[in-house]
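**Q** Counting from 1, position 175 in the sequence shown corresponds to residue 178 in this note's numbering; the numbering is continuous, with no gaps.
Note that CB positions come from ideal geometry on N, CA and C, so glycine has one too.
On a predicted model such as this, the values are computed, not experimentally measured, just so you know.
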Amino acid sequence: MKIAVFGLGYVGMTTAACLARSGHEVIGVDVSDEKVAIVNAGNSPITEPGLDELVARAVRKGLLSATQNARGHLDNCALAIVCVGTPSAPDGSHNMSFIVEVSHQIAELVRPARSTKLTVVFRSTVRPGTIEELVLPIFENALKGRMDRVELVYNPEFLRESVAIEDFFNPPKIVIGTKDGERCAVLDELNATINAPTFYTTYRAAEITKFVDNTFHAVKVAFANEVGRVCEKLGISATTVHQIFVSDTKLNISPYYLRPGGAFGGSCLPKDVRALQYIASDVGAHTYLVDSLLRSNDAHKNFLFESCLKALPTGGHVLMLGLSFKEDSDDLRESPNIDLARKFLQSHIDLSIYDPQVEPSKLLGQNLGYAFSSLPALRKLLVSRSIAESGSFDLVVDTRGWAKTMALRTRRVINVNTLS
Ligand SMILES: NC(=O)C1=CN([C@@H]2O[C@H](COP(=O)(O)OP(=O)(O)OC[C@H]3O[C@@H](n4cnc5c(N)ncnc54)[C@H](O)[C@@H]3O)[C@@H](O)[C@H]2O)C=CC1
Ligand SMILES: Nc1nc2c(ncn2[C@@H]2O[C@H](COP(=O)(O)OP(=O)(O)O[C@H]3O[C@H](C(=O)O)[C@@H](O)[C@H](O)[C@@H]3O)[C@@H](O)[C@H]2O)c(=O)[nH]1
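Pasting the structure below:
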């Protein structure tokens, strides 16, 4: 396949050299005359283990060359891959000027008379909405009704520098954003030899995937570092604790705890996060990330409450399904559902609650104290299943996913257990 790669930096150079190693004919395009000259001399303009050798071999075989001007080169390319930079702007957003510029360049080089479609794949990290709101209008404007000549794709890159070649051929996953999530034949062909889970999705979902991943990597690093700081201050081996932590692939290193849904609660997580904050502060180890977790959780509770309000007609009556902090438990301590119920009551919203596990006369100890200090009217709020099913409520707030198995009269249901 003949492929043009726009932007010969860390991503673009690795991409160009690896594609050439796979036997494709690659033309690299960069605005920098210096980078173009270095590539054409058979060297890599960036330092990355193994890349010099790949570039030298590819140039020698005539599979890789570079240019500042792509004019004439795109006509027989099946694919153009965009890897230009999206650095931070002064306000923290991505500077999109290189994306805009390269989109104009490519769009203007697509000849309406070309016999096959040009697939233009954006690999740079861009904010959600970029393809639809920034890139697509540029192409539509330049191609004037000949959009059938191009296919726009967003395909985020997950490689890490220093192991970029290994990551290129063995990515953790392949995410392909297309119009309506339809398949892209050219990318299927290109990735045929790569063994990785592949996800076709919308442009926006693919765009945000990259932010989700990188931010999570940052959360993990910050978390690991905060734990390390606390351990060090307490004279505990951070390495030993790390080894024990990562050995647990059931609860610690797994998709567990990663489902977007309800806020966390119960008698352990908030308590222990708070305790770690206290310990860290006591020993002078500043845990900014950990310090922000409960505030983040509170923000999430507010978000869920506001979502309920949006779905509730003015003056409406709410039925909540579930009150304890999780299913099959009567534990109300620090239940986010108690907070939600309290917010409804504070807003003078009529509320009924169905939770078969919560029987006020059976509550004991701290659970009893927490329940009645947080919701003094608990007894009056709780209703039986038959009332929950037969009553005419204006909104059902489902904290469990029970609504689908109940014969509710109310059609308007908001599931706060799973964010879709
Ligand atoms: N560096 C990394 O490890 C990874 C980076 N990314 C993302 O990939 C994108 C590229 O990152 P890097 O390769 O690190 O950037 P870079 O700054 O190393 O390279 C970008 C290249 O694009 C060139 N360029 C700018 N405008 C151009 C145009 N109109 N035509 C042709 N070339 C043009 C620049 O001269 C430069 O050589 C960014 O969005 C980045 O966030 C994604 C995954 C990994
Ligand atoms: N403390 C600590 N720091 C770590 C650890 N792992 C990585 N780091 C640091 O985290 C930073 C990022 O490292 P890495 O993910 O290996 O490199 P890179 O920045 O190339 O890759 C990341 O960004 C790419 C991107 O630019 O978008 C992503 O494609 C890639 O998946 C990574 O999220 C560096 O400062 C590392 O020293 C760790 O376990 N502990």
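Taking 7 Å as the cut-off, does the CB of L162 come closer than this to any heavy atom belonging to ligand 2?
**A** Taking the first residue of the sequence shown as 1, we reach residue 162 at position 159. At least one heavy atom of ligand 2 is nearer than 7 Å to the Cβ of L162, so yes.
**Q** Look up S295 in the DSSP assignment and say whether it is helix, strand or coil.
**A** As a first step, residue 295 must be located in the sequence shown, where it is residue number 292. Helix, per DSSP.
**Q** Could you check if L237 is buried or exposed, using at least 16 other CB atoms within 10 Å of its CB as the buried criterion?
**A** Walking along the sequence shown from the start, residue 237 turns up at place 234. That one is exposed.
**Q** Got a sec, what are the start and stop residues for the beta strand (DSSP E) G75 sits in?
**A** For the purposes of this step, residue 75 is taken as the residue at position 72 of the sequence shown. That residue, G75, is in no beta strand (DSSP E); it is neither H nor E in DSSP.
**Q** Does at least one heavy atom of ligand 1 sit under 7 Å from the Cβ of E136?
**A** The count along the sequence shown starts at 1 and reaches residue 136 at position 133. For ligand 1, not one heavy atom lies less than 7 Å from the Cβ of E136.
**Q** Could I get the ranges of all uninterrupted alpha helix (DSSP H) runs contained in the region 128–200, with 4 residues as the minimum, in chain order?
**A** Runs of the alpha helix (DSSP H) inside the region 128–200: 139–146, 167–172, 188–193.
**Q** Let me confirm a value: E362 is counted as buried when at least 16 other C-beta atoms fall within 10 Å, else exposed. Which label applies?
**A** As a first step, residue 362 must be located in the sequence shown, where it is residue number 359. Flag for E362 reads exposed.
**Q** Can at least three beta-carbon pairs, one atom from the region 187–198 and one from the region 44–59, be found at a separation below 8 Å?
**A** no
**Q** If you drop the 5 nearest sequence neighbours on each side, which residues of the same chain put their C-beta closer than 7 Å to that of T212?
**A** Looking up residue 212 in the sequence shown gives position 209. P159, V178, listed in sequence order.
**Q** Would you say the beta carbon of V224 comes nearer than 7 Å to a heavy atom of ligand 2?
**A** The residue you call residue 224 lines up with position 221 of the sequence shown. Checking the Cβ of V224 against ligand 2 gives yes.
**Q** Taking its Cβ as the centre, do 16 or more other Cβ atoms sit within 10 Å of E154, making it buried, or is it exposed?
**A** If you number the sequence shown from 1, residue 154 lands on position 151. By the 10 Å Cβ count, E154 comes out buried.
**Q** For a test of the three-state rule: what should DSSP assign to K3, helix, strand or coil?
**A** Residue 3 lies beyond the range of the chain shown here (4 to 423); nothing can be said about it.
**Q** Can you give me the Cβ contacts of E51 inside the same chain, cut-off strictly under 8 Å, excluding the 5 residues immediately before and after it?
**A** The count along the sequence shown starts at 1 and reaches residue 51 at position 48. Contacts found: Y13, M16, T17, E164, S165, A167, I168.
**Q** Would you check whether ligand 1 has a heavy atom nearer than 7 Å to the C-beta of L82?
**A** Locating residue 82 in the sequence shown gives position 79, counting from the first residue. Answer for L82: no, Cβ out of range of ligand 1.
**Q** Mind checking who A7 pairs with in its DSSP beta bridge?
**A** Start at 1 with the first residue of the sequence shown, and residue 7 comes out as number 4. DSSP lists I30, A83 as partners of A7.
**Q** Between which two residues does the beta strand (DSSP E) carrying F125 extend?
**A** Within the sequence shown, the letter at position 122 stands for residue 125. F125 -> beta strand (DSSP E) spans 121–125.
**Q** Give the DSSP-derived three-state secondary structure of N418 in the structure shown.
**A** The residue labelled residue 418 in the question sits at position 415 within the sequence shown. Here N418 sits in strand by DSSP.
**Q** With respect to the beta strand (DSSP E) encompassing H320, which residues constitute its N-terminal and C-terminal limits?
**A** Within the sequence shown, numbered from 1, the residue matching residue 320 stands at position 317. Following the DSSP letters along the chain, one finds H320 inside the beta strand (DSSP E) bounded by residues 320–324.
**Q** Just checking, does the region 270–283 make contact with the region 223–240 on the three C-beta pairs under 8 Å criterion?
**A** yes
**Q** Suppose the cutoff is 6 Å on Cβ atoms and the five residues either side in sequence are ignored; what does the same chain contact list for F396 look like?
**A** As a first step, residue 396 must be located in the sequence shown, where it is residue number 393. For F396, where only same-chain residues beyond five positions count, the Cβ hits under 6 Å are H320, L322, T413.
**Q** On the DSSP bridge assignment, give the partners of V399 in chain order.
**A** What you label residue 399 is simply residue 396 of the sequence shown in a count that begins at 1. Answer is L322, V416, bridged to V399.
**Q** Can you name the start and end residues of the beta strand (DSSP E) that Y357 belongs to?
**A** In the sequence shown, the residue the question calls residue 357 occupies position 354. For Y357, the enclosing beta strand (DSSP E) covers residues 353–357.
**Q** Hey, how far is the Cα of I30 from the Cα of K64?
**A** Taking the sequence shown and counting its residues from 1, the one referred to as residue 30 is at position 27. Taking the sequence shown and counting its residues from 1, the one referred to as residue 64 is at position 61. Answer to the nearest angstrom: the Cα atoms are 13 Å apart.
**Q** First and last residue of the alpha helix (DSSP H) that includes A406?
**A** On the sequence shown, residue 406 is found 403 positions in, with the first residue counted as 1. Element bounds for A406: n/a, residue is neither H nor E.
**Q** Just verifying my parser: in three-state terms, what is the DSSP assignment at F267?
**A** For the purposes of this step, residue 267 is identified with residue 264 of the sequence shown, where counting begins at 1. F267: coil per DSSP, three-state reduction.
**Q** Which of the three DSSP states is assigned to T212 in this structure?
**A** Sequence index remark: in the sequence shown, residue 212 carries index 209 (1-based). In the structure shown, T212 sits in a helix (DSSP, three-state: H, G or I).
**Q** Taking the beta carbon of S250 as the centre, do at least 16 other beta carbons fall within 10 Å, making it buried, or is it exposed?
**A** The residue given as residue 250 occupies position 247 in the sequence shown. Classification for S250: exposed.
**Q** Using the rule of at least 16 other Cβ atoms within 10 Å of the residue's Cβ for burial, across every protein chain shown, is P258 buried or exposed?
**A** To locate residue 258, count along the sequence shown from 1; it is residue 255. Exposed, since its Cβ has fewer than 16 Cβ neighbours within 10 Å.
**Q** Between E104 and ligand 1, is there a pair consisting of the residue's CB and a ligand heavy atom that are separated by less than 7 Å?
**A** Numbered from its first residue, the sequence shown carries residue 104 at position 101. Indeed, a heavy atom of ligand 1 lies less than 7 Å from the Cβ.
**Q** What would DSSP say about H289, mapped onto helix, strand or coil?
**A** Within the sequence shown, numbered from 1, the residue matching residue 289 stands at position 286. Of the three classes helix, strand and coil, the one that applies to H289 here is coil, per DSSP.
**Q** If I follow the unbroken beta strand (DSSP E) through T17, where does it start and stop?
**A** Position 14 of the sequence shown, counting from 1, holds the residue named residue 17. Looking at the DSSP string, T17 is not in any beta strand (DSSP E); the run it does join, the alpha helix (DSSP H), is 13–24.
**Q** Measure the alpha-carbon distance for N198 versus R186 and round it to whole angstroms.
**A** Within the sequence shown, the letter at position 195 stands for residue 198. Within the sequence shown, the letter at position 183 stands for residue 186. Each residue's alpha carbon lies about 17 Å from the other.
**Q** Is the closest heavy atom of ligand 1 to the C-beta of S127 under 7 Å?
**A** Taking the first residue of the sequence shown as 1, we reach residue 127 at position 124. Yes, the Cβ of S127 comes within 7 Å of a heavy atom of ligand 1.
**Q** Kindly indicate the opening and closing residues of the alpha helix (DSSP H) around T429.
**A** Outside the displayed span of the chain (4 to 423) sits residue 429, for which this structure offers no information.
**Q** In three-state DSSP terms, what is L385?
**A** Here residue 385 refers to the residue found at position 382 when the sequence shown is read from its first residue. Looking at L385 - three-state DSSP - the assignment turns out to be strand.
**Q** Verify whether the separation of the beta carbon atoms of A344 and L335 is less than 8 Å.
**A** Within the sequence shown, the letter at position 341 stands for residue 344. Within the sequence shown, the letter at position 332 stands for residue 335. Going by C-beta atoms, A344 is not nearer than 8 Å to L335.
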